[in-house]
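Q: Just dropping this structure here.
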Ligand SMILES: Cc1cc2nc3c(=O)[nH]c(=O)nc-3n(C[C@H](O)[C@H](O)[C@H](O)COP(=O)(O)OP(=O)(O)OC[C@H]3O[C@@H](n4cnc5c(N)ncnc54)[C@H](O)[C@@H]3O)c2cc1C
Ligand SMILES: Cc1cc2nc3c(=O)[nH]c(=O)nc-3n(C[C@H](O)[C@H](O)[C@H](O)COP(=O)(O)OP(=O)(O)OC[C@H]3O[C@@H](n4cnc5c(N)ncnc54)[C@H](O)[C@@H]3O)c2cc1C
Ligand code: SF4
Ligand code: SF4
Ligand code: FES
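Residue numbers (our numbering), protein chains in the order written: chain A, 3 to 488; chain B, 19 to 299.
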């Protein structure tokens, strides 16, 4: 091994598939660090006494702790260190918006590049998994308490992992035929390989978590029935924000106009990119416009490019600075030849006589006064419109609260926008029911959803340990008395 | 779970499957549907719950072969398991106490019409069913339909059974003869084009007309937006807002054009599926 370099101001670069190659496949774009690269990068860390980076991480990963272990080559130990607070490091290392979280506050960022916290996190998690070093942690003795989890996204999976280790019986109910939530149906393979999510799920199953797929709670089984005939003591709702938003402009329902959820689900979950080996088809546009500026828009645009589109436009109504997508995704999208048309918004989609989209009409915008979010509001520029020839459009302007479950559940307070109201511990208005993740906060991030799962797990554990249960609608004290007698 | 217990051919390219699904059978109501995947690489296909037996814990599905996925489903045998079965989905039919309801079933639409007709019949309504098909050999469940109908009119396009002609003809006559306005509601389920013309037939009479839309779906839970249709100028999701809608308000041309989005894919998939099957033989 070569002598590690002195603390450098630049980050060890990570290899990635060249753009011209990767636009023809769905393989992961960044190739990850080698052990040596990881060590060199980790050795740059100053091991700050009061590490700012940690305050930037929503779940307070012990960053100097794990980075220090990487520097020493103790990769498995490093992974275990992260897992004390973050049970999905292979995922977070890849999808967290590090530039606005942990890495944003790294001291090294003042003069040069901050530590590549995400890259290191990803490296150690991959190392641990690929070397078969994942060991099942010890489990507390069975408490005899049963918790149902609705939705197998990051919030539900995290909560399940915590509660099973505390000795509770945990069953996850998932509407789709595969667990993972947005991690499997939304985020594409080239950004988060599905094998990683599958390994995390297998780990939970190894711990004894039961995962019942194809169960739409609210339809197949109601929350009342989870407490009644199914006999659960507590329920956690982590159903995400699965309701696509539309703009309500003419032509939105033309053939070839997709809402991003459908487009990404077809390609990722149903693997339409491998059609006809997989039966689900997807329209392959040649000239595609994607409306929006977040991660979803980047994912849709880059997917369309991989499915053969010559031209892919991102239409975003504000400017580059306001784009909510991760910096790396915007960068990768640019490398892949995605055309950014900033400060414009579609006003109409025009179709042919077969009802298929052929054009999009756009309005140019300029930035006016700041709005509620503190960002400058885009206002139409008088008389400035243009038209693009497109044969496909993907609308990625955000998500709302899917009412399927909440409508069928009594005593659950929702806010004006249909999201579940929960307190700091995830408790809802209904005793015995917790909620967390996107269904409480609105579309946010994987790490925040996981954090919410963890907080609720702690609170549910306390609640169950003090003898509560929402089974059959009444709190039961039997377990409490038993526990007290011991 | 989701084992196919019995299967039989009802007509050329139409088969009936009785599937073990206790949870779904327990909940199912007339008008609802399930989403089915034949195999891991399969498509998510919506199918109406054509019948259910809560005691036995089974549901009945009727599949008409129109493309690759329905072909694959139809090739499954008794004893096989469905890879995925999700439901019951959609809003159940509103079984109001009408004096008389007219149920119009076109082709494979007979399957979804049956449980709804039965529910109205059980509710004490007078049920008049018009059951139509292209030809005699394509008619199925006639006895079953008759058992829940006070009047049962058969039509075939070629006149090989019942009346020769389209379902809209007896429908029009029934409405014309209904001087006392006893028909409170018309249900029309079948191919989109048939539902469109039934709605057009009832419109001048101002009779409430319910149709069950078969838009293309993926999740069936209101998440993807793929099943969107326009009803009364508003965008609605068939899977969660329907599948039943007011036939007089549906934008039929949009439904028809959205159903054709994947025609070239469908041809390719069907060719491949047919090849696979012949190789397997
Ligand atoms: C395309 C895309 C890209 C993204 N990229 C990033 C990124 O790079 N970085 C980042 O941090 N965040 C990203 N996000 C956001 C992030 O994925 C979400 O914030 C996060 O997944 C929310 O987790 P969750 O557990 O609350 O819900 P979800 O991940 O949405 O999971 C909810 C699960 O519940 C299931 N479900 C829903 N209703 C029911 C029901 N009634 N019964 C049973 N199950 C049900 C769903 O099928 C789903 O599996 C992205 C989101 C999308 C859509
Ligand atoms: C609520 C609902 C209930 C239905 N009930 C039944 C039923 O009981 N029996 C039955 O045989 N069929 C039913 N259908 C239609 C059935 O889902 C489609 O025929 C089937 O998906 C076609 O798949 P395919 O691959 O065989 O055909 P394809 O080759 O994909 O398509 C052939 C034709 O079927 C239509 N189609 C394709 N995919 C879908 C889809 N996912 N949903 C709807 N239509 C599609 C298209 O318009 C196309 O023209 C129902 C549809 C809906 C929405
Ligand atoms: S979990 Fe996310 S924010 Fe926290 S340290 Fe890891 S990459 Fe950074
Ligand atoms: S702030 Fe940066 S340098 Fe300091 S401990 Fe955190 S990662 Fe290391
Ligand atoms: S099928 Fe996805 S929203 Fe209806």
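Don't be surprised by glycine CBs; every beta carbon is placed ideally from N, CA and C.
Being a predicted model, the structure only gives us computed values, none of them experimental.
1) Buried or exposed, going by whether 16 or more other CB atoms sit within 10 Å of the CB of residue 4(A)?
2) Let me make sure I understand the geometry here. Which of 42(A), 64(A), 420(A) and 39(A) has the alpha-carbon closest to that of residue 51(A)?
3) With hydrogens ignored, establish whether the beta-carbon of residue 242(B) is closer than 8 Å to any heavy atom of ligand 2.
4) Rounded to whole angstroms, what's the CA-CA distance from residue 163(B) to residue 99(B)? Just pull it up for me.
5) Tell me, which residues are paired with residue 378(A) by DSSP?
6) Please go through the same chain and pick out, in chain order, the residues whose beta-carbon is closer than 7 Å to the beta-carbon of residue 208(B), but skip the five residues on each side of it.
7) With the cut-off set at 9 Å, would you say residue 188(B) and residue 134(B) are in Cβ contact?
8) For a contact meaning CB atoms closer than 8 Å, what does residue 87(B) contact in chain A?
9) According to the neighbour-count rule (16 or more other Cβ atoms, all chains shown, within 10 Å of its Cβ), is residue 90(A) buried or exposed?
10) Leaving out five residues before and five after residue 321(A) in sequence, what residues of the same chain have Cβ atoms less than 7 Å from its Cβ?
11) Grab the span of the alpha helix (DSSP H) containing residue 158(A) for me, first residue to last.
12) In terms of alpha-carbon separation, which member of 297(B), 222(B), 225(B) and 212(B) lies closest to residue 274(B)?
13) Between residue 187(B) and chain A, is there a C-beta pair that is closer than 9 Å?
14) Is any heavy atom of ligand 2 found at a distance shorter than 8 Å from the C-beta of residue 51(B)?
15) Suppose only complete runs of 3+ residues qualify. What are the beta strand (DSSP E) ranges in the segment 415-464 of chain A, listed by chain order?
16) Whose C-alpha, out of 338(A), 190(A) and 432(A), is nearest the C-alpha of residue 93(A)?
17) Is any heavy atom of ligand 3 found at a distance shorter than 8 Å from the C-beta of residue 331(A)?
18) What distance in whole Å lies between the Cβ atoms of residue 439(A) and residue 155(A), which are believed to be in contact at a cut-off of 8 Å?
19) Using only the heavy atoms of ligand 7, determine whether one of them is closer than 8 Å to the beta carbon of residue 55(B).
20) Could you please give the first and the last residue of the uninterrupted beta strand (DSSP E) stretch that includes residue 236(A)?
21) Can you say whether residue 249(A) is buried or exposed, counting buried as having 16 or more other CB atoms within 10 angstroms of its CB?
22) So, at 7 Å on beta carbons, what are the nonlocal neighbours of residue 53(A) in its own chain, with the 5 sequence-adjacent residues on each side left out?
23) Using a Cβ-Cβ distance under 9 Å, would residue 223(A) count as near chain B?
24) How would you call residue 22(A), buried or exposed, if buried means at least 16 neighbouring beta carbons within 10 angstroms?
25) Leaving out the 5 sequence neighbours to the left and right, which residues in its chain are closer than 6 Å to residue 45(B) when beta-carbon positions are compared?
26) Excluding the 5 residues flanking residue 421(A) on each side, which residues of the same chain have their C-beta closer than 7 Å to its C-beta?
27) Which value, in whole angstroms, describes the spacing of the CA atoms of residue 429(A) and residue 437(A)?
28) Runs of 4 residues minimum, wholly inside the segment 295-333 of chain A: which ones carry the alpha helix (DSSP H) assignment?
29) Have a look at the DSSP bridge pairing and note the partners of residue 148(A).
30) Just the C-alpha distance for residue 98(A) and residue 219(A), rounded to the nearest angstrom, thanks.
31) To the nearest angstrom, report how far apart residue 386(A) and residue 353(A) are at their CA atoms.
32) Please report the Cβ distance between residue 395(A) and residue 239(A), rounded to the nearest whole angstrom; I am assuming they are in contact, meaning their Cβ atoms lie under 8 Å.
33) Does any residue of chain A have a CB that is nearer than 9 Å to the CB of residue 210(B)?
34) Within this structure, are the beta carbons of residue 145(A) and residue 161(A) separated by less than 9 Å?
35) Does the distance from the CB of residue 390(A) to the CB of residue 362(A) come in under 9 Å?
36) So which of 372(A), 332(A), 355(A) and 379(A) has the shortest CA-CA distance to residue 347(A)?
A: Straight from the coordinates:
1) Within the first chain, residue 4(A) is the residue found at index 2, counting from 1. Reliability of the predicted coordinates at residue 4(A) is poor, the pLDDT of 47 falling under 50, and the value obtained from them is presented with this limitation in mind. Looking at its Cβ environment, which holds fewer than 16 other Cβ atoms inside 10 Å, residue 4(A) is exposed.
2) Residue mapping note: residue 51(A) aligns to position 49 of the first chain, counting from 1. Residue 51(A) has its Cα closest to that of 64(A), out of 42(A), 64(A), 420(A) and 39(A).
3) Within the second chain, numbered from 1, the residue matching residue 242(B) stands at position 224. Checking every heavy atom of ligand 2 against the Cβ of residue 242(B), none is found closer than 8 Å.
4) For the purposes of this step, residue 163(B) is taken as residue 145 along the second chain, with counting starting at 1. For the purposes of this step, residue 99(B) is taken as residue 81 along the second chain, with counting starting at 1. Rounded to whole angstroms, residue 163(B) to residue 99(B) spans 29 Å at the Cα level.
5) Counting from one through the first chain, the residue named residue 378(A) turns up at place 376. For residue 378(A), which the question treats as bridged, DSSP gives the partners 372(A).
6) Within the second chain, the letter at position 190 stands for residue 208(B). Closer than 7 Å at the Cβ level, and outside the excluded window around residue 208(B), lie 123, 124, 125 and 127.
7) Against the second chain, residue 188(B) aligns to sequence position 170. Against the second chain, residue 134(B) aligns to sequence position 116. No, Cβ-Cβ distance for residue 188(B) and residue 134(B) is not below 9 Å.
8) On the second chain, residue 87(B) is found 69 positions in, with the first residue counted as 1. The answer, in chain order, is 281.
9) Within the first chain, the letter at position 88 stands for residue 90(A). Burial state of residue 90(A) is buried, judged by a 10 Å Cβ sphere holding 16 or more other Cβ atoms.
10) Translated into the one-based positions of the first chain, residue 321(A) becomes position 319. Counting only Cβ-Cβ distances below 7 Å, and skipping sequence neighbours, we find 344, 345 and 369.
11) Translated into positions along the first chain, residue 158(A) becomes position 156. Judged by DSSP secondary structure, residue 158(A) falls within the alpha helix (DSSP H) whose first and last residues are 156-167.
12) Here the question's residue 274(B) lines up with position 256 in the second chain. Checked all of 297(B), 222(B), 225(B) and 212(B); the closest Cα to residue 274(B) is 212(B).
13) Here residue 187(B) refers to the residue found at position 169 of the second chain. It does not; no Cβ of chain A falls within 9 Å.
14) Taking the second chain and counting its residues from 1, one reaches residue 51(B) at position 33. Because some heavy atom of ligand 2 lies under 8 Å away, the Cβ of residue 51(B) counts as near it: yes.
15) 435-437
16) Your numbering for residue 93(A) matches position 91 in the first chain. That would be 190(A), whose Cα lies nearest to the Cα of residue 93(A).
17) Here residue 331(A) refers to the residue found at position 329 when the first chain is read from its first residue. In this structure, residue 331(A) has its beta carbon at no less than 8 Å from each heavy atom of ligand 3.
18) In the first chain, the residue the question calls residue 155(A) occupies position 153. In the first chain, the residue the question calls residue 439(A) occupies position 437. The pair is a contact, with the Cβ atoms about 6 Å apart (cut-off 8 Å).
19) Ligands in the displayed structure: ligand 1, ligand 2, ligand 3, ligand 4 and ligand 5; ligand 7 is not one of them.
20) One-based indexing of the first chain puts residue 236(A) at position 234. For residue 236(A), the enclosing beta strand (DSSP E) starts and ends at 236-239.
21) To locate residue 249(A), count along the first chain from 1; it is residue 247. Residue 249(A) should be labelled exposed.
22) Looking up residue 53(A) in the first chain gives position 51. Same-chain partners within the cutoff: 65 and 66.
23) One-based indexing of the first chain puts residue 223(A) at position 221. Yes - at least one Cβ of chain B is within 9 Å of the one on residue 223(A).
24) Residue 22(A) sits at position 20 when you count from the first residue of the first chain. So residue 22(A) counts as exposed.
25) Taking the second chain and counting its residues from 1, the one referred to as residue 45(B) is at position 27. Correct list, in chain order: 106.
26) By 1-based counting over the first chain, the position of residue 421(A) is 419. Answer for residue 421(A): 403, 441, 442 and 444, listed in chain order.
27) Within the first chain, numbered from 1, the residue matching residue 429(A) stands at position 427. Within the first chain, numbered from 1, the residue matching residue 437(A) stands at position 435. Each residue's alpha carbon lies about 7 Å from the other.
28) 297-308
29) Here residue 148(A) refers to the residue found at position 146 of the first chain. Its beta-bridge partners are 171(A).
30) The count along the first chain starts at 1 and reaches residue 98(A) at position 96. The count along the first chain starts at 1 and reaches residue 219(A) at position 217. The alpha-carbon atoms of residue 98(A) and residue 219(A) are separated by roughly 29 Å.
31) To locate residue 386(A), count along the first chain from 1; it is residue 384. To locate residue 353(A), count along the first chain from 1; it is residue 351. Looking at the two C-alpha atoms, the distance is approximately 22 Å.
32) Numbered from its first residue, the first chain carries residue 395(A) at position 393. Numbered from its first residue, the first chain carries residue 239(A) at position 237. In fact, because the Cβ distance is near 33 Å, the residues do not count as touching under 8 Å.
33) Taking the second chain and counting its residues from 1, the one referred to as residue 210(B) is at position 192. For residue 210(B), the answer is no, since every Cβ of chain A falls outside 9 Å of its Cβ.
34) As a first step, residue 145(A) is located in the first chain; it is residue number 143 there, counting from the start. As a first step, residue 161(A) is located in the first chain; it is residue number 159 there, counting from the start. No. Outside cutoff.
35) Taking the first residue of the first chain as 1, we reach residue 390(A) at position 388. Taking the first residue of the first chain as 1, we reach residue 362(A) at position 360. The beta carbons of residue 390(A) and residue 362(A) sit closer together than 9 Å.
36) The residue labelled residue 347(A) in the question sits at position 345 within the first chain. Checking every option, the nearest Cα to that of residue 347(A) belongs to 379(A).
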